[in-house]
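K.L.:
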Amino acid sequence: MTQPIWTPLTQLPALKTRTEKHANLVHDLTTQLHEPVQSILSTLNRRAIALAKSANFETALHDATLIQQLSPSSAIGYICAASIYSEQGKQRQVIDVCNKGLSIVNTEDANYTTLQQAKADAEHRDNIRIDFVSQLCYEIVITALVPMFMDTAMQSWRPCSYLDVCMTWRRRIIQSLNGLHYLIEDEENEGKEERLSQVVRFARDIKSLYIYPYYKGTWLGDLLRNNDFCSLRELSIDDLSTDCGDHLVASLKSISDTLTHFEIEQEGGSMLSIGDILQNCTNLISLRITQPWFYDLSRLPMTTWPKLTTLSLSVSSSKEVITRHHITTIGMRFPALKELSLSPCVDELSTSLVLSYYPWMKSLQVLKYGVTFDLEYLDEGAKCEEGALSSLLVELCDIRDDNWGMVSLVLHQHQGTLQEIDFDIQIDTDDQDYLRSNVGFGWQMPHYAPQLEVLKMTADAIKVTPQILEFMPPNLKTLELDFDLSSPLDDKAPIGQYLHRFAQHSHLKELVVRFRSSDTIDIVLNAIHHLGLLQHLMISFPKKWDFKQMQSFLQQLPNGCPRLTCLELDCDNPPSSCSLNALKRLEHLKQFAFSIEDVDGDDIFWLAIQTFTQLEWIRIHPKRAINLSAIRHLQEKRPDLTITLDKLFYRFE
């Protein structure tokens, strides 16, 4: 047992010689020494309690610890510390300090039972659970609480404890996720029943299944047939290499009432029949198929599938291509498509043939990787006359002159209606002679789009065709510059000059810049400060933005871009509180997206957000760094402010 530090003072000394008179005197004086000791302990205890009542918990705990050091065998110090922890709701600490005291204090101590009761009370409180899911507002649970602890996709073999708390929890989780989503990994058929246990258990509540890879066996078809997947909407199979394709396709009939989206990528095995898939899945609205060989579409029944709005056909074999004959067959049998992807193609006239069947398509993506190209049509985009395009994405991985012909044809055909161009070139060389000799047609692209409203360029596109910076589309509203996914663009002076020319451009409202690093971008940042009519700005970095550079830019932003209504910062570090206070001078700013990494406990930061009175909507990330108490406090102080919590950076819609 630990000995108090003043035990030698309060113990009766051993007397080598003794007389009755002096022995009594020594005894009385020793007894008197106990009185100030007990007085000190009692005074320290009362002071600790008073400190705790005034919320000075750290100082109160110091006194409680001192009592334990002065008299470790007394229960008073441990009871005092336990009451202080209890005031703070720290039940685990109460239990720990009580356990320490109970192991030291003599069971005959008058306060021993009090110490036992303090531990029992703490254990009872620690076992109390508040059912937030059942008690909180439905909207908060669905939109905020459940996404914080539930992943969208779950493993087929791993039990999810949250689904077993109670039926209320399960219903709320399913409602929040809009159904359950499961990933099934096929590991050579080993322990299949165990690996599918959760899928079988929750089959009725599953909305989507993703299988990767699918090696062999009929287990997937059997799974679909033998269980009630009455909510299954989406089925995706990646890396199919089994010869049981016919068995799988036949099993689709068992889920035909609900299945609307089917995607399959086949690496080997027998050819899947698209006709059988369509006949067995009568409610499909989306079908995406990749196969080594192209299915003969002329074998399809002479009927139409008006429900299908998305079709993607891709051939992985280098020996086969999609021809105009295939496109004609597609156009005759699928009259309602809103999205069509074809890969690979070789006939440049394919673009106009597709539009003859689907004149409502407004967006075209051309991805060229050598002699063939991929086409993707969408009905999204600005309105224009039927049979014409308003949006064009060009992605080239090879800049030889013969690759510009396809682009030239599309631009000539739709120059009067194009409003958005995304010019993406990805190259692996800095050979200037090669670049100059293969400039080709690309620099003329914007000239063929006088109605251009949205222009997106990569650094490689600018490197290959620097002449593109000489053209300023008169109606341009959105400019997007992407330096992140390209090879480095060392000289950014032309970019700065290009942006300076937009200073008096009344049409430019939105600027998006994705930087590769923050080393040599000052010239671009300075140019942004001259865009006084800008309303929407997004700055992106792959990781952290240099603190000094970020703070300097944000503090000057209100002077340079006073009309901003939306600001989006995609980087790992948050704006400083000083930067936030400077941004308050942006009187029109309504939307602000930013990181909150490492701001936990920073009351000044949250106060700056709270007093940013013109803000109407903030998007904050990453979700793992979010302090719920800070968010609740902010929501209480600013009930008018919409707060969106994101796992990663997301832009405003």
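Taking the numbering used here, I'd label the letters of the sequence shown as residues 258 to 910.
Each residue gets a CB set at the ideal place from its N, CA and C atoms; glycine is no exception.
All values reported here derive from a predicted model rather than from experimental measurement.
In the structure shown, what three-state DSSP assignment does L492 receive?
P.N.:
Residue state, collapsed to three classes: strand.
K.L.:
For V651, list the residues DSSP reports as bridge partners.
P.N.:
DSSP lists V623, F680 as partners of V651.
K.L.:
Measure the C-alpha to C-alpha separation of L298 and I352 and round it to an integer number of angstroms.
P.N.:
Going from the Cα of L298 to the Cα of I352 covers about 22 Å.
K.L.:
Excluding the 5 residues flanking I431 on each side, which residues of the same chain have their C-beta closer than 7 Å to its C-beta?
P.N.:
If we look at I431 and ignore the five residues flanking it on each side, its Cβ neighbours are L437, D462.
K.L.:
In the DSSP assignment, find the beta strand (DSSP E) that holds S613 and state where it starts and stops.
P.N.:
No beta strand (DSSP E) holds S613; the alpha helix (DSSP H) holding it covers 607 to 614.
K.L.:
Taking only runs that begin and end inside the segment 348 to 411, name each unbroken alpha helix (DSSP H) of 4 or more residues, in chain order.
P.N.:
Fully enclosed alpha helix (DSSP H) runs of 4 or longer: 348 to 359, 369 to 383, 389 to 392, 403 to 406.
K.L.:
Curious, which full-length alpha helix (DSSP H) runs of at least 4 residues does the segment 411 to 451 contain?
P.N.:
List check, alpha helix (DSSP H) in window: 424 to 434.
K.L.:
Cutting at 6 Å between CB atoms, please list the residues of its own chain near G525, excluding the five before and the five after it.
P.N.:
Counting only Cβ-Cβ distances below 6 Å, and skipping sequence neighbours, we find S498.
K.L.:
Could you tell me how far apart the beta carbons of L788 and A760 are, in whole angstroms, since I believe they sit closer than 8 Å?
P.N.:
Correct: roughly 6 Å between the Cβ atoms.
K.L.:
Is it buried or exposed for I397, if we count other Cβ within 10 angstroms and need 16 for buried?
P.N.:
Its Cβ having fewer than 16 others within 10 Å, I397 is exposed.
K.L.:
When the Cβ atoms of the segment 791 to 803 are set against those of the segment 763 to 778, are three or more pairs found closer than 8 Å?
P.N.:
Yes, the segment 791 to 803 is in contact with the segment 763 to 778.
K.L.:
What would DSSP say about C337, mapped onto helix, strand or coil?
P.N.:
Three-state result, C337: helix.
K.L.:
Which partner residues of Y552 appear in the DSSP bridge assignment?
P.N.:
According to DSSP, which records beta bridges pairwise, Y552 is partnered with nothing at all.
K.L.:
Pull up the distance between the alpha-carbon of L541 and that of L565, whole angstroms please.
P.N.:
The straight-line gap from Cα to Cα measures roughly 6 Å.
K.L.:
My assumption, with CB atoms under 8 Å, is that P558 sits in contact with G532. Please give the rounded CB distance.
P.N.:
Correct: roughly 6 Å between the Cβ atoms.
K.L.:
Are L308 and T316 closer than 8 Å when you measure CB to CB?
P.N.:
Yes. Within cutoff.
K.L.:
Looking at the unbroken alpha helix (DSSP H) that takes in A507, where does it start and where does it end?
P.N.:
Residues 502 to 508.
K.L.:
Excluding the 5 residues flanking S609 on each side, which residues of the same chain have their C-beta closer than 8 Å to its C-beta?
P.N.:
Excluding positions up to five away in sequence, the list reads Q670.
K.L.:
According to the neighbour-count rule (16 or more other Cβ atoms, all chains shown, within 10 Å of its Cβ), is E893 buried or exposed?
P.N.:
By the 10 Å Cβ count, E893 comes out exposed.
K.L.:
Pull up the DSSP beta-bridge partners for A850, would you.
P.N.:
Paired residue(s): E825, R876.
K.L.:
What's the call for Y907, buried or exposed, on a 16-neighbour Cβ count within 10 Å?
P.N.:
Answer is exposed; the Cβ neighbour count stays below 16.
K.L.:
Quick check: the Cα distance between G334 and N384, rounded to an integer number of angstroms?
P.N.:
The straight-line gap from Cα to Cα measures roughly 25 Å.
K.L.:
CB-CB under 8 Å to R490, same chain, minus the five flanking residues each way: which ones, in chain order?
P.N.:
If we look at R490 and ignore the five residues flanking it on each side, its Cβ neighbours are G436, K464, S465, T515, L516, T517, H518.
K.L.:
Tell me the rounded alpha-carbon separation between K713 and D739.
P.N.:
K713 and D739: Cα-Cα distance of roughly 8 Å.
K.L.:
The beta strand (DSSP E) that contains E633, what's its start and end?
P.N.:
It spans 630 to 635 - the beta strand (DSSP E) in which E633 sits, taken as one unbroken run.
K.L.:
Thinking C-alpha only, which one of K510, S493, F869 is nearest I441?
P.N.:
Ranking K510, S493, F869 by Cα distance to I441 puts S493 first.
K.L.:
Nearest to E380 by alpha carbon, out of L402, T364, V354?
P.N.:
Taking only the C-alpha atoms, the option nearest E380 is V354.
K.L.:
Answer yes or no: do D553 and R581 have a C-beta to C-beta separation smaller than 8 Å?
P.N.:
Cβ atoms of D553 and R581: not closer than 8 Å.
K.L.:
Report back the beta-carbon spacing between T202 and E522 to the nearest angstrom; my notes put them in contact at under 8 Å.
P.N.:
In the structure as shown, the chain starts at 258 and stops at 910, and residue 202 therefore has no counterpart that could be examined.
K.L.:
From the DSSP secondary-structure annotation, give me the bridge partner or partners of F519.
P.N.:
BP columns for F519 point to L492, L544.
K.L.:
Compute the Euclidean distance between the alpha carbons of S513 and L840, then round it to the nearest angstrom.
P.N.:
Roughly 55 Å between the two C-alpha positions.
K.L.:
Kindly indicate which residue of S834, T547, E825 has the alpha-carbon position closest to the one of A865.
P.N.:
Of the listed residues, the one whose Cα sits closest to A865 is S834.
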